[in-house]
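In the numbering used here, the protein residues as written are 546 to 1084.
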């Protein structure tokens, strides 16, 4: 065969290959979000809110597994600002986590473009501001990851999909709340509770006889809530990216930072029905309502708002234990969830992390095992990457809480782990208030809830077969919650109280998941558009 013919064939094959690779690349979704202040009146009193593209709550971000999500965030506030993607694993990419330990904040009148991929998850999540107390003013929104066409879900596709962002709310502005915390105060009880930014008035419409998915997230600062729909049963199908055994519930507790998806069949007489959310385990119960309306009905909602369950904790604990992994359902990939047998993996390390509340020099602080976190001037991720000394302390938090109480130590604390460690963490709560803990960059199996003090003999109670994976776990008063997690995501990751005032006042730390093997198979390189600040800017 002539040489020129061979070259044409070779170039043709290369062109076809290039075309195939381009066509095979996962889809991109582009968003531009402008963050501004605006006047909102969710509780009838005008106050300064944080809007995204003029919206409160912010725009809903819908994507599909494997989508590349590109969000250009333009900060028009008078303060530095960041968004974090609650529950999104940021696979190999803690550069995009959107917290002060990994990212420099976006300065006023500037922008930063987040780039991440929605891999290994199908489920209901949300985003929110991670800087200062901005979360108290808005800036949050729904974030839903749907399945790709080849990946089935373990229930018929619902007729519609509703996102409900529920959370406590304060009449004081975010700056006033921050000033109060900085002056030594604690966060007071909320003034109200909202559903999609309203204490009442949100309407969700569907056809009689059809089934709809309700994605419910707790976007509040400090308070768990109970969710229910008048006259309708709710079938739980997904918890924070995991398919669960499908059981019916009359009402469901959702703790700070958590999300759950339920299916609701409109099987009642055509009409309008209350949707209710009430604060849990508070001295006074606050309730917000919305309306589920059948499409062919014009009748007003009637009857009594369905009451919340009794105050007692035991029912909430039993409900939490009832959420179990659906072992036969796939995850974001075709493999069944149960193909990963977490219960047979040997632990490489165990930690008991206890939360404490202390008054230090007349000011409220919160701590973990005696250490209260201090935000440094340079993100930990940048300090680690550029080998900048003196930014954080490593492995100074003990593996168990100290035997005697003492004033907390102020520190920027990082615990180091090896890539692919399999870790047991017990969250111990010795306070009379409910707690909520979140870990970035991973999900984990919640294997047990218990009361009193945890000790190693209680491992015999662990669910090592079908515990649900989550990214946020509640810890009941004077009790403990045990989790197991596989550290397969290299990076610098935040471990924090999901109750934002506690996080702001020190109840957090970071974990560094690392391997000496440098490879983009483990972690992506620093992005070209990374913001530099603090000592990283001078390096």
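Yeah, the Cβ is synthetic: ideal placement off N, Cα and C, and Gly gets one too.
{"Query": "If residue 888 and residue 1009 are in contact, beta carbons under 8 Å, what's the gap, nearest whole angstrom?", "Result": "3 Å"}
{"Query": "Return the CA-CA distance between residue 988 and residue 1016, expressed in angstroms with no decimal places.", "Result": "5 Å"}
{"Query": "For the candidate residues 679, 631, 634 and 613, whose alpha-carbon lies nearest to that of residue 581?", "Result": "679"}
{"Query": "Could you name the residues of the same chain whose beta carbon sits closer than 6 Å to that of residue 567, not counting the 5 residues immediately before and after it, in chain order?", "Result": "For residue 567, the predicted model reports a pLDDT of 38, less than 50, meaning its position is unreliable and no value from the coordinates is stated."}
{"Query": "For the alpha helix (DSSP H) that contains residue 1045, what are its first and last residues?", "Result": "1045-1049"}
{"Query": "Look at residue 806 and residue 1002 and say whether their C-beta atoms are less than 7 Å apart.", "Result": "no"}
{"Query": "Just the C-alpha distance for residue 682 and residue 638, rounded to the nearest angstrom, thanks.", "Result": "28 Å"}
{"Query": "Taking Cβ positions, are residue 746 and residue 713 nearer each other than 7 Å?", "Result": "no"}
{"Query": "Please state whether DSSP places residue 800 in a helix, a strand or coil.", "Result": "coil"}
{"Query": "Is the distance from the Cβ of residue 912 to the Cβ of residue 1051 below 7 Å?", "Result": "yes"}
{"Query": "Tell me the residue span of the beta strand (DSSP E) that contains residue 865.", "Result": "Segment 858-867 is the alpha helix (DSSP H) holding residue 865; no beta strand (DSSP E) there."}
{"Query": "Since residue 918 is in the beta strand (DSSP E), which residue starts that stretch and which ends it?", "Result": "916-918"}
{"Query": "Determine the closest residue to residue 1070 out of 618, 934 and 927, with distance taken between C-alpha atoms.", "Result": "927"}
{"Query": "Can you tell me whether residue 785 is buried or exposed? The criterion is at least 16 other CB atoms within 10 Å of its CB, across all chains shown.", "Result": "buried"}
{"Query": "With the cut-off set at 7 Å, would you say residue 748 and residue 838 are in Cβ contact?", "Result": "yes"}
{"Query": "Pull up the distance between the alpha-carbon of residue 879 and that of residue 969, whole angstroms please.", "Result": "27 Å"}
{"Query": "I need the DSSP call for residue 1102, collapsed to helix, strand or coil.", "Result": "Residue 1102 lies beyond the stretch modelled for the chain, which goes from 546 to 1084, so this question has no answer here."}
{"Query": "Check each candidate in 742, 900 and 573 and name the one with the smallest Cα separation from residue 659.", "Result": "573"}
{"Query": "So, helix, strand or coil for residue 667, using DSSP?", "Result": "coil"}
{"Query": "Applying the 10 Å Cβ sphere with the 16-neighbour rule, what's the burial state of residue 1018?", "Result": "buried"}
{"Query": "Of the residues 628, 946 and 663, which one's Cα is nearest the Cα of residue 675?", "Result": "628"}
{"Query": "If you measure between the beta carbons of residue 776 and residue 818, is that distance less than 7 Å?", "Result": "yes"}
{"Query": "Sort 925, 903 and 983 by Cα distance to residue 952 and report the nearest one.", "Result": "903"}
{"Query": "Going by C-alpha to C-alpha distance, which of 874, 654, 1032 and 696 sits closest to residue 895?", "Result": "1032"}
{"Query": "Cutting at 7 Å between CB atoms, please list the residues of its own chain near residue 750, excluding the five before and the five after it.", "Result": "838 and 840"}
{"Query": "Is the Cβ-Cβ distance between residue 833 and residue 722 less than 7 Å?", "Result": "no"}
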